[in-house]
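Heads up: the sequence shown runs through residues 6 to 343, numbered per my numbering. Where is the CB? At the ideal position from N, CA and C, for every residue including glycine. I have placed the structure first, in the form of structure tokens, so that the comments after it can refer back to it.
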Amino acid sequence: SWTAPGTASLLTSLHPIQHGVLKGFMAVQAEKRIDPSVTLGRIPDEVVTLAEMLKEAGYSTWAVTDNVNISREQGFDQGFDRFWNYNYEGAEAVTATVREKIPELLKARPYFLYLHYMDPHRPYNHRPPWYEAHDDERLDSISAYDSEIRYLDDKLRELFTLLHWERETLIVVTSDHGEEFLEHGGWDHGRTHYAAVLDVPLLVFPAQDGKPGRRLSQRVSTLDIVPTLRDFAGLPPDPALQGQNLLPVLRGEDHLPGDRACFGDLRSPPWFGSRVLKTVLQGDAKVILDQTGSAELFNLAADPGEEHDLSASQAALRDSLKVQLSAMEKSVRRYTQE
């Protein structure tokens with residue numbers, strides 16, 4: 006539920022314990038002032054990233070990121086022909102970079118363009134005309150957050166028009182994490198594993214083969230993006246990837262198994278309590294485990310707000326989800342940090 010691990014998993018289809026990017030650049034720099042032995046995790050060279058895969062398929066690969074945590078230092082430039090990295094300069098800076106390079110980008114077709122915007126993110130700026138002030142701090146923050154989403158929509162619309170994304174283009178819109186607005190007493194992200202920070206949008210445009218758009222009822226994961234785009238680009242399946250190919254599902258040719266397990270992993274910095282959280286979601290059940298041994302268990306169908314902890318009354322279910330986590334962690338390959 007924070008940037009570096011979530012984005013590394015999004016771009017590799019590997020769990021954080023596999024690729025080793027457990028904390029971001031800024032957090033590690035701050036921790037080093039407390040403990041000089043702390044090291045910065047980076048995507049290992051032997052891991053094949055989405056950019057490297059698409060490069061193999063004949064794509065020119067470009068990235069513009071507006072987050073210092075998506076940096077060369079942690080290996081996020083791996084596989085990109087062109088890579089720009091800013092530090093929260095805003096959507097206009099990202100869009101302007103692409104705008105200036107449009108002639109070069111169009112000559113490079115087919116291209117893969119990764120844009121990492123920061124605007125719907127704390128601190129929440131007031132974007133007129135969409136921001137509406139509120140006396141209540143929570144409502145005012147939500148209004149500002151929503152105005153940033155609407156502002157970003159306008160920037161995406163501009164690129165959609167300039168680059169003619171309505172033609173021969175597949176667009177995926179997603180996020181590395183959500184934001185919490187006191188749903189469980191806290192703000193921001195990187196502190197908990199509740200739905201407010203773990204659940205993110207995943208939008209795929211256009212609808213495949215001319216079929217009308219639809220919403221999938223099955224749970225999917227950001228780990229599914231890489232195998233899906235591999236198939237779209239004509240590459241064969243890669244058994245090392247932990248996600249599932251959604252392309253047959255998007256085409257209405259297949260469905261995902263209802264008993265699929267999805268996992269979350271968080272190592273928060275000292276100022277967020279140095280928590281280690283592991284989460285398992287399967288069916289309607291979700292368990293959040295921390296390093297102290299405590300657990301929270303929720304039935305998401307009956308309790309989508311995650312307000313009623315069932316870990317004591319449904320210990321067998323809690324323990325079965327723990328077994329799922331243990332089995333996954335024992336079975337996956339862990340790559341060597343350089």
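Item                                                                                                                                             : Value
With DSSP as the reference, please indicate the residues paired to Asn304 in a beta bridge.                                                      : Ala290
Do you know how far the Cα of Asn250 is from the Cα of Ala56?                                                                                    : 17 Å
Alpha helix (DSSP H) containing Arg235: first to last residue?                                                                                   : 230 to 237
Once you ignore the five residues that flank Arg87 on each side, which residues in its own chain have a CB closer than 6 Å to its CB?            : Trp67
Report the residue from Tyr93, Leu111, Pro115, Glu171 whose alpha carbon sits nearest the alpha carbon of Leu59.                                 : Pro115
With distances taken from CA atoms, which of Leu203, Ser65, Met333 is nearest Lys112?                                                            : Ser65
By the three-class DSSP mapping on this structure, what secondary structure does Tyr119 have?                                                    : strand
Assign Gln79 to one of two classes, buried (16 or more other C-beta atoms within 10 Å of its C-beta) or exposed (fewer than that).               : buried
Pick from Glu311, Arg104, Ser148: whose alpha carbon is nearest that of Tyr129?                                                                  : Ser148
Going by DSSP in three states, Thr227 sits in which element: helix, strand or coil?                                                              : helix
In its own chain, which residues sit with a C-beta less than 6 Å from the C-beta of Tyr91, not counting the 5 before and 5 after it?             : Asp71, Ala98
Where Asp124 and Ala321 are concerned, what is the direct C-alpha to C-alpha distance, given to the nearest angstrom?                            : 42 Å
Is the separation between the beta-carbon of Val209 and that of Val231 shorter than 9 Å?                                                         : no
Can you give, in chain order, each stretch of the beta strand (DSSP E) that sits fully within the segment 65 to 134 and has at least 3 residues? : 65 to 70, 87 to 90, 116 to 121
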